[in-house]
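A short write-up of the structure that comes next.
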Amino acid sequence: MRIRLALLTVTLCATTVAPARAATADTHLEGRLPSGAAFVMDVPASWNGTVLLYSHGYTPAGSPNPAQNTPSSGAREALLAEGYALIGSSYATTGWAVTEAVPDQLATLETFTQRFGAARRTLAWGTSYGGFVTTVLAERHAGRFDGSLSLCGLVQGGVANWNSTLDPVFALKTLLAPDSGVRLTGFTDQAEAADAADTLTTRVDAAQRTPEGRARIALAAALHGIPGHNDASQPEPGPTDWDTRQANQYAALKGLLQFPAFRWRQEAESRAGGNPSWNTGVDHPALLARSPLHKEVTELYKKAGLSLRADLAALDRAPRVTADPGAVRWMRRTSVLTGRLSDPQLTVHTTGDALIPVQAQSAYRRAAAAAGSGPLLSQAYVDAPGHCTFTTGETLAALHTLEHRLDTGRWDTSPGTLNSRAQKEEPTARARYVSHRPAAYPRPYDLAHPGDARP
């Protein structure tokens, strides 16, 4: 029998929570933290002693913000059947909510411990923005966890993310809308950000109808690392099918324009107290040369009869965006990763992610190596288009691989092992782990390299 303890209107604190006790039946618990964040907990009667603290992804301002304790219903059902306790919160606010998410997640864990007792093993895990929150928890509150799992995580950190998000829109404005008056940062409110997004999107839509415009859109996509197959609904291009690749990137760029580059940026700027991004000192030819999409861009420029050298020179001549020092300090303090791990962390990413390109994994690997945490970090890759498009089997395989590392002291993240574990968890789904080495992140920024990429 499943017991539902409805505490939706109850604020829990140390003086009102019942004494710790083991669950005698499957227990579903909901409530609110003192911050106002909602939490949800599921504890099976056959609890195996491991609690999984799940951090959910980015929730845009004004969107519904329920508490979540797993990335999907399939994962929830499978994990409960295997005896795991599942907990998580909504975070007290939406948007770039790291300053609320981290304490709310810790408070959720404390509430669980007060209600159910200390876990034998505590693991932090999360997806997308929640993968970033998970890594902040792992770095700054290591004593609360035994290990962590970041799935499709924003592990490049806040400054690197917003810098790299700036690069494609800077190219689009400079090359396609130089007379538009569109602001790329420093928005006064969401309305101004939305107007800027719509204006630039209109120019991009028009450009997509010409060979010259398509070449320039491909250049912008390359600066951000947007892959040529980034959604399962898209046709999968061949290795030299540049036109299909570009069309797929165009679709992803429109989503970037409508949400992260303007609306989501404005919300983050409001928290930071200004613009935390810059492109002063950026060498665009060098940025493109390091991109795995360089060949596509050169071929499309050649096909359009357009000078790539001239467009890159135009980018280098264009007035640059400077950051607000106070906003950079806020982002460094709250949202930049150090790479310093005390316990094992596994990160997993799809190869065809347009929202958080797979190169983000290189950024965190770089930080962890510089901080001396390389042996504690392992990274794995799923050959699939899209953001966080893991099957339930692939998700559980990653979790069990982290547990294997904790049990044995050694990593086994070979694609064969991961696929075998995924197939065992979900026999009807194809397991897609592959060997992959992502290119360098376009503009890394972390606390392990304090003199690098300063504004």
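Letter by letter, the sequence shown follows residues -22 to -1, 1 to 433 in mature numbering (1 follows the signal peptide of the UniProt record, and there is no 0).
Glycine included, every Cβ here is placed at the ideal spot set by N, Cα and C.
Every value quoted in this text rests on a predicted model; they were computed, and no experiment measured them.
C-beta atoms of G73 and E214 nearer than 9 Å: no
Test: R410 CB closer than 9 Å to a CB of chain D: Here chain D cannot be found, since the structure has a single protein chain.
For A345 and T316, believed in contact at Cβ under 8 Å, the rounded distance: Contact between T316 and A345 holds: CB atoms are separated by about 7 Å, below the 8 Å threshold.
Close beta carbons around L425, own chain, < 8 Å, minus the five adjacent residues each side: R310, V314, L315, T316, G317 and A345
Bridge partner(s) assigned by DSSP for R181: Looking at the DSSP output, R181 sits in no beta bridge, so it has no partner there.
The region 136 to 147 in contact with the region 414 to 425 per 3-pair CB rule at 8 Å: Cβ pair count under 8 Å is three or more, so yes.
Sequence-distant residues of its chain with Cβ nearer than 7 Å to T152 (five each side left out): A292, L293 and A296
Contact between the region 85 to 98 and the region 4 to 24 (3+ Cβ pairs under 8 Å): yes
Expected contact under 8 Å - CB spacing of V80 and L115 to nearest Å: 6 Å
P254 versus G14 - alpha carbon distance: 28 Å
Assumed close pair L197, V275 - CB separation to whole angstroms, cut-off 8 Å: The Cβ separation is near 5 Å, so the contact holds.
Own chain partners of G252 with C-beta closer than 7 Å, once the 5 adjacent residues on each side are dropped: Excluding sequence neighbours, G252 sits near D302, G304 and A305.
Integer Cβ distance of L319 from S351, believed to fall under 8 Å: 4 Å
Three-way DSSP call (helix, strand, coil) for E8 in this model: strand
Identity of the residue in H202, G104, W140 and E88 nearest A332 by Cα: H202
P49 burial status per 10 Å Cβ neighbour count (16 or more: buried): buried
Reduced DSSP category for F240 - H, G, I as helix; E, B as strand; rest coil: F240 falls in the helix class under three-state DSSP.
E55 to L265 span [Cα, whole Å]: 44 Å
Buried or exposed by the 16-neighbour rule on C-beta atoms within 10 Å, applied to G387: Exposed is the label assigned to G387, since fewer than 16 other Cβ atoms lie within 10 Å of its Cβ.
Beta strand (DSSP E) runs wholly inside the region 179 to 227, at least 3 long, in chain order: none
Classification of R(-2) by the beta-carbon crowding that lies within 10 angstroms, buried from 16 upward: With a pLDDT of only 47 at R(-2), under the threshold of 50, the placement of this residue in the model should not be trusted, and no figure is reported.
Three or more C-beta pairs below 8 Å linking the region 361 to 372 and the region 163 to 179: no
Where H327 falls: helix, strand or coil (DSSP): strand
Rounded straight-line distance, which links the Cα of A200 to that of P270: Looking at the two C-alpha atoms, the distance is approximately 8 Å.
Inter-residue spacing [alpha-carbon to alpha-carbon] between G394 and A375: 11 Å
Straight-line gap, V18 to A349 (C-alpha atoms, nearest Å): When rounded, the separation of the alpha-carbon atoms in V18 and A349 is 35 Å.
Cβ-Cβ separation, T391 to A358 (assumed contact under 8 Å), whole Å: The beta-carbon distance between A358 and T391, rounded to whole angstroms, is 5 Å. This is short enough to meet the 8 Å contact definition.
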